[in-house]
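To convert, note that position 62 of the sequence shown is 278 in my numbering; the numbers rise steadily by one, no gaps.
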Amino acid sequence: MNPTVKQALQTTIDNWNAMSASRNDEQEAVADQFQSSFYLFIDVFREWVQALEPRPHSIDDLMNLEMVQDILDILPAPLHLNFETEAELIMDNVLRVDEDKYD
217 MNPTVKQALQ
227 TTIDNWNAMS
237 ASRNDEQEAV
247 ADQFQSSFYL
257 FIDVFREWVQ
267 ALEPRPHSID
277 DLMNLEMVQD
287 ILDILPAPLH
297 LNFETEAELI
307 MDNVLRVDED
317 KYD
(Lines of atoms letter the chains of each structure in order from A and count residues from 1; the text may use other names and numbers.)
(Lines give C-alpha, C1' and ligand atoms only; values in the text may rest on other atoms or scores of the structure.)
Protein backbone atom coordinates (compact mmCIF):
# COMPACT_ATOMS: atom_id res chain seq x y z
CA MET A 1 0.00 0.00 0.00
CA ASN A 2 1.16 3.53 -0.70
CA PRO A 3 2.86 4.68 2.55
CA THR A 4 1.17 8.11 2.62
CA VAL A 5 -2.28 6.60 2.12
CA LYS A 6 -1.49 3.90 4.68
CA GLN A 7 -0.48 6.47 7.30
CA ALA A 8 -3.60 8.60 6.70
CA LEU A 9 -5.78 5.47 6.83
CA GLN A 10 -4.17 4.36 10.10
CA THR A 11 -4.84 7.77 11.66
CA THR A 12 -8.47 7.51 10.57
CA ILE A 13 -8.76 4.00 12.05
CA ASP A 14 -7.15 5.15 15.31
CA ASN A 15 -9.60 8.05 15.55
CA TRP A 16 -12.52 5.75 14.69
CA ASN A 17 -11.50 3.43 17.52
CA ALA A 18 -11.11 6.37 19.91
CA MET A 19 -14.54 7.66 18.93
CA SER A 20 -16.07 4.22 19.46
CA ALA A 21 -14.55 4.03 22.94
CA SER A 22 -15.22 7.63 23.97
CA ARG A 23 -17.42 8.64 26.88
CA ASN A 24 -20.25 11.19 26.70
CA ASP A 25 -18.16 14.12 27.89
CA GLU A 26 -15.59 13.70 25.14
CA GLN A 27 -17.68 12.34 22.25
CA GLU A 28 -18.07 15.57 20.29
CA ALA A 29 -14.36 16.42 20.29
CA VAL A 30 -13.38 12.86 19.37
CA ALA A 31 -16.02 12.74 16.62
CA ASP A 32 -14.71 16.01 15.17
CA GLN A 33 -11.17 14.62 15.24
CA PHE A 34 -12.34 11.46 13.46
CA GLN A 35 -14.23 13.43 10.81
CA SER A 36 -11.21 15.62 10.15
CA SER A 37 -8.91 12.61 9.83
CA PHE A 38 -11.34 10.83 7.50
CA TYR A 39 -11.36 13.75 5.07
CA LEU A 40 -7.59 14.13 5.29
CA PHE A 41 -7.39 10.45 4.36
CA ILE A 42 -9.75 11.08 1.44
CA ASP A 43 -7.57 14.00 0.28
CA VAL A 44 -4.47 11.77 0.36
CA PHE A 45 -6.38 9.01 -1.44
CA ARG A 46 -7.54 11.53 -4.08
CA GLU A 47 -3.94 12.57 -4.75
CA TRP A 48 -2.96 8.91 -5.13
CA VAL A 49 -5.83 8.24 -7.57
CA GLN A 50 -5.05 11.33 -9.64
CA ALA A 51 -1.42 10.24 -9.95
CA LEU A 52 -2.25 6.76 -11.23
CA GLU A 53 -1.01 5.92 -14.70
CA PRO A 54 -3.14 4.82 -16.36
CA ARG A 55 -5.98 6.33 -14.40
CA PRO A 56 -8.99 4.04 -13.84
CA HIS A 57 -11.79 4.71 -16.32
CA SER A 58 -14.69 3.90 -14.02
CA ILE A 59 -15.58 3.60 -10.36
CA ASP A 60 -15.61 -0.18 -10.81
CA ASP A 61 -12.05 -0.09 -12.16
CA LEU A 62 -10.97 1.99 -9.18
CA MET A 63 -12.76 -0.15 -6.61
CA ASN A 64 -11.19 -3.32 -8.07
CA LEU A 65 -7.62 -2.07 -7.61
CA GLU A 66 -5.68 -4.15 -5.08
CA MET A 67 -4.89 -1.16 -2.86
CA VAL A 68 -8.54 -0.10 -2.75
CA GLN A 69 -9.51 -3.64 -1.78
CA ASP A 70 -6.85 -3.52 0.96
CA ILE A 71 -8.34 -0.23 2.21
CA LEU A 72 -11.82 -1.77 2.31
CA ASP A 73 -10.45 -4.76 4.22
CA ILE A 74 -9.04 -2.41 6.89
CA LEU A 75 -11.76 0.24 6.93
CA PRO A 76 -14.60 -0.46 9.40
CA ALA A 77 -17.75 -1.62 7.59
CA PRO A 78 -19.83 1.43 8.65
CA LEU A 79 -17.38 3.62 6.69
CA HIS A 80 -17.52 1.68 3.41
CA LEU A 81 -20.43 3.67 1.98
CA ASN A 82 -18.77 6.99 2.87
CA PHE A 83 -15.53 5.83 1.25
CA GLU A 84 -17.31 4.59 -1.88
CA THR A 85 -19.22 7.88 -2.16
CA GLU A 86 -15.97 9.83 -1.93
CA ALA A 87 -14.35 7.50 -4.49
CA GLU A 88 -17.20 8.21 -6.91
CA LEU A 89 -16.71 11.94 -6.44
CA ILE A 90 -13.00 11.54 -7.11
CA MET A 91 -13.73 9.66 -10.32
CA ASP A 92 -16.19 12.42 -11.33
CA ASN A 93 -13.55 15.10 -10.54
CA VAL A 94 -15.82 16.65 -7.91
CA LEU A 95 -14.08 18.31 -4.99
CA ARG A 96 -16.14 18.85 -1.85
CA VAL A 97 -15.92 22.12 0.00
CA ASP A 98 -15.87 21.88 3.79
CA GLU A 99 -19.54 22.70 4.30
CA ASP A 100 -20.54 19.98 1.80
CA LYS A 101 -18.80 17.24 3.78
CA TYR A 102 -20.77 14.94 6.03
CA ASP A 103 -21.69 16.32 9.44
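Even glycine gets a Cβ: it sits at the ideal position worked out from N, Cα and C.
- Around the Cβ of A224, a 10 Å sphere holds 16 or more other Cβ atoms; the residue is buried.
- Of the other Cβ atoms in all chains shown, fewer than 16 fall within 10 Å of the Cβ of N240; this residue is therefore exposed.
- Taken atom to atom, the span from the alpha-carbon of E300 to that of A237 is near 25 angstroms.
- Between the alpha carbons of V260 and Q251 lies a distance of about 14 angstroms.
- Membership of D308 in any alpha helix (DSSP H) is not indicated, and neither H nor E is assigned to it by DSSP.
- In this chain, D241 is not harboured by any alpha helix (DSSP H), its DSSP state being neither H nor E.
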